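These notes are about the structure you will find just below.
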Amino acid sequence: MATINLGRIKPVFQGAYNAATAYVVDDIATYDGETFICILASTGNATSNATYWSKIAKKGDDVTQLTTHGDMLFRDASGVQRLAAGTPNQMLVTKGASADPVWGSSTSILWETKTANFTAVHGGAYICNTTDGVFTMTLPASPVDNDFVIINDGMGVFDTKNLTVDRNGNNIAGSATDLTVDKKYANFRLTFKTIPDVTSSFIGWLIS
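Following this note's numbering, the numbering of the sequence shown begins with 198 at its first residue and continues without gaps.
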């Protein structure tokens with residue numbers, strides 16, 4: 198009667214390769230992140246020796262490890278590259294085949310509701326609810342040309358509970374004064390422009 202080795206009905210995993218182990222056909226061993234199956238019994242023959250081993254699982258390429266919160270990886274013409282995090286409200290933009298992705302301005306409006314003093318960021322859109330008390334929105338520091346902020350009185354109370362817009366060192370409509378918003382249901386955009394006005398002082402934040 199034939200003798201059946203139940204341990205050899207299927208491949209047997211032997212763990213990490215060890216040169217001192219006697220391997221037989223269908224033993225499976227791992228080495229350097231890859232997996233091999235024995236095809237000819239032997240001892241001391243490395244997994245790189247194709248006479249005794251066949252590779253069944255190949256190691257993948259190492260991935261660059263990121264260390265900065267918000268960064269992303271992408272593939273350029275030569276390999277994996279890092280894309281640093283963009284600024285608030287930006288979106289990832291593809292420039293087509295054979296081009297690297299970039300951060301760009303979002304075409305949609307992402308509204309935030311504010312009920313207390315805060316500092317706006319470029320591209321921010323804010324529903325300022327002064328129902329429980331007036332407060333101040335401070336414009337972004339060090340703006341560049343075409344930076345913008347959108348303001349909305351969603352509750353319709355600016356006429357009695359004003360919103361103050363702190364200019365943060367830059368003119369608003371050519372004036373070196375903060376802006377008091379006192380129109381009910383006001384909805385407007387402030388866009389920073391670096392062109393001078395007729396008095397040779399910078400317009401700063403345009404109201405539209």
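Backbone N, C-alpha and C define an ideal beta-carbon position, used for all residues, glycine too. These figures come from a predicted structure and were not determined experimentally.
Q: Enumerate in chain order the residues of its own chain whose CB-to-CB distance from VAL221 is below 7 Å, with the five nearest sequence positions on each side excluded.
A: Mapped onto the sequence shown, residue 221 falls at position 24. Hits under 7 Å: CYS235, ALA238.
Q | Reduced DSSP category for ASP297 - H, G, I as helix; E, B as strand; rest coil | A | Position 100 of the sequence shown holds residue 297. Three-state DSSP puts ASP297 in coil, outside helix and strand.
Q) Going by DSSP, what residues sit across from LYS311 in a beta bridge? A) Locating residue 311 in the sequence shown gives position 114, counting from the first residue. DSSP lists CYS325 as partners of LYS311.
**Q.** Residue(s) in a DSSP beta bridge with GLY401
**A.** What you label residue 401 is simply residue 204 of the sequence shown in a count that begins at 1. Answer is LYS390, bridged to GLY401.
Q) Grouping DSSP H, G and I as helix and E and B as strand, with all else coil, what is PHE385? A) Sequence index remark: in the sequence shown, residue 385 carries index 188 (1-based). Residue state, collapsed to three classes: strand.
Q: With a cut-off of 8 Å on the beta carbons, I'd call CYS325 and ASP344 a contact; round off their distance for me.
A: Walking along the sequence shown from the start, residue 325 turns up at place 128. Walking along the sequence shown from the start, residue 344 turns up at place 147. With 8 Å as the limit, CYS325 and ASP344 do not qualify as a contact, their Cβ atoms being about 19 Å apart.
Q) What is the DSSP secondary structure of SER275, reduced to helix, strand or coil? A) Here residue 275 refers to the residue found at position 78 of the sequence shown. If DSSP states are grouped into helix, strand and coil, SER275 belongs with coil.
Q: Report all residues from its chain with a CB closer than 6 Å to the CB of ASP268; omit the five preceding and five following residues, and keep chain order.
A: Here residue 268 corresponds to residue number 71 of the sequence shown, with the count starting at 1. Once the five neighbours on either side are set aside, the close Cβ partners of ASP268 are ARG279, ALA281, ALA282.
Q. Hey, which unbroken runs of the beta strand (DSSP E) at 3 residues or more fall wholly within the region 335-383?
A. 345-349, 360-363, 376-378
Q. Smallest Cα separation from ASP229: which of ASP356, HIS319, LYS255, THR218?
A. For the purposes of this step, residue 229 is identified with residue 32 of the sequence shown, where counting begins at 1. Comparing Cα positions, the closest option is LYS255.
Q | Enclosing beta strand (DSSP E) for ILE186 [first to last residue] | A | A query on residue 186 cannot be resolved here, the shown segment of the chain reaching from 198 to 405 and no further.
Q. Which class does ALA219 belong to by DSSP, given the choice of helix, strand or coil?
A. Translated into positions along the sequence shown, residue 219 becomes position 22. Here ALA219 sits in strand by DSSP.
Q.
I'd like to check one pair, ASP342 with THR391: are the Cβ atoms closer than 8 Å?
A. Indexing the sequence shown from 1 puts residue 391 at position 194. Indexing the sequence shown from 1 puts residue 342 at position 145. Yes, the pair counts as a contact, with Cβ atoms nearer than the cut-off.
Q: My understanding is that THR327 touches LEU360, with C-beta atoms under 8 Å, so please give their C-beta distance in whole angstroms.
A: By 1-based counting over the sequence shown, the position of residue 327 is 130. By 1-based counting over the sequence shown, the position of residue 360 is 163. Indeed they touch by this definition, with Cβ atoms about 6 Å apart.
Q.
Using only the alpha-carbon positions, how far apart do THR316 and ILE347 sit?
A. Locating residue 316 in the sequence shown gives position 119, where the first residue counts as 1. Locating residue 347 in the sequence shown gives position 150, where the first residue counts as 1. For THR316 and ILE347, the distance between alpha carbons rounds to 13 Å.
Q: Look at the alpha carbon of ASP329 and the alpha carbon of ASN314, and state the distance between them as a whole number of angstroms.
A: If you number the sequence shown from 1, residue 329 lands on position 132. If you number the sequence shown from 1, residue 314 lands on position 117. If I take the Cα positions, the gap works out to 12 Å.
Q) Would you report the Cα separation of ARG364 and THR335, rounded to the nearest angstrom? A) Counting from one through the sequence shown, the residue named residue 364 turns up at place 167. Counting from one through the sequence shown, the residue named residue 335 turns up at place 138. Their backbone Cα atoms lie some 6 Å apart in a straight line.
(Q) So the candidates are VAL290, GLU309, TRP250; which of them puts its Cα closest to the Cα of GLY301? (A) To locate residue 301, count along the sequence shown from 1; it is residue 104. Of the candidates VAL290, GLU309, TRP250, the one whose C-alpha sits nearest the C-alpha of GLY301 is VAL290.
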